[in-house]
Amino acid sequence: MKPLSGALSIGLIKTMVFILCLLPLCRAAYIVLSGEAVNPIEFITRSTGTWTLVFLLLTLAITPLRRLSGYTVLIKLRRMLGLYAFFYASLHFTTYLWLDQFFDVAAIIRDIAKRPFITVGFAAFVLLVPLALTSTDAMMRRLKRNWGRLHKLVYGIALLGVLHYWWLVKKDLTQPLIYAAILGLLLGLRLWWRWRGA
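Next comes the structure, spelled out in structure tokens:
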């Protein structure tokens, strides 16, 4: 395995990645506040949902990239990317609860029951919560082997996220297909390595 060469320290890399991960939020805020968004609520909902899925896939991509490149430092970015996935998912969910439904519990329950893409999206968010709550070193030590078992939920969460987006889109399925293909590749590599015992 190759360590990171060059002048960049892991601390600087993590700081740069942290800032880069905030750029989608800054861009969305600028578009909304500048009046460029025709439907601000829909724009925020779509933007935060898209970036939730992107960060989920980036989190899943860390292990294959580390194995293929040999750069072990990449593993140190996985937790941050996973927490950013939860951050954007929380914004996505809050936008739906607050700006879309105005905390109307009865309407939300009906929506979850009647609209499949809402149902799977809600399920994905609920499953993501325990992963975020147990992302600390202390929880890793406390849960031991169960921590790894719990965090394997991320595979199912990513599947639900892709399905949520797929069912949301009514006409052009190009983007959902791209996300599905990327997820299929990431999961396929894991299955291949496991089958080979590598």
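Start counting the sequence shown at 1; every next residue gets the next number (the UniProt record's numbering). Beta carbons: idealized from backbone N, C-alpha and C, even for Gly.
Beta-carbon proximity list for residue i, same chain, < 6 Å, skipping 5 on both sides
i	result
LEU168	PHE117
LYS170	none
residue 205	The structure shown does not extend to residue 205, since the chain spans only 1 to 198, so no value can be given for it.
ILE157	ALA124, LEU127 and LEU128
Residue i versus residue j - alpha carbon distance
i	j	result
ALA29	LEU191	39 Å
ARG27	GLY197	43 Å
SER5	THR72	Reliability fails at SER5, whose pLDDT of 45 lies under 50, so the model's placement of it is uncertain and no value is given.
LEU65	TRP193	13 Å
ASP111	LEU131	25 Å
VAL38	LEU91	20 Å
CYS21	TYR84	7 Å
ASP100	PHE122	15 Å
GLY188	LEU74	20 Å
ILE10	ARG141	23 Å
MET1	ALA106	Below a pLDDT of 50, predicted positions are generally treated as unreliable, and MET1, at 47, falls in that range; the measurement from the model is reported next regardless. So the alpha carbons of these two residues sit roughly 54 Å apart.
THR15	LYS114	42 Å
ILE41	GLN175	21 Å
VAL32	PRO24	12 Å
MET139	LYS152	15 Å
Nearest to residue i (by Cα), restricted to the options the options
i	options	result
LEU183	ILE31, LEU56, LEU23 and VAL38	LEU56
TYR96	SER47, THR134 and TYR155	SER47
ARG78	HIS164, ILE62, LEU25 and ALA106	ILE62
PHE93	ILE75, VAL120 and SER135	VAL120
THR52	LYS14, HIS164 and LEU150	HIS164
LEU12	ARG142, LYS76 and ARG141	LYS76
LEU150	GLU36, THR134 and VAL54	THR134
TYR88	ILE44, PHE103 and ASP104	ILE44
PHE86	ALA180, GLY35, VAL54 and GLY148	VAL54
LEU160	ASN146, TYR179, GLU36 and SER69	TYR179
TYR155	GLY35, LEU60 and SER34	LEU60
Residues near residue i in its chain [Cβ-Cβ closer than 7 Å; skip 5 each side]
i	result
LEU58	LEU81
ALA181	none
Sequence-distant residues of its chain with Cβ nearer than 8 Å to residue i (five each side left out)
i	result
PHE18	MET80
Q. At what residue ranges does the segment 133 to 176 contain a whole run of the alpha helix (DSSP H), taking only runs of 4 or more?
A. 137 to 143, 145 to 151 and 153 to 168
Which runs of the alpha helix (DSSP H) fall wholly inside the segment 20 to 90 and span at least 4 residues, in chain order?
40 to 69
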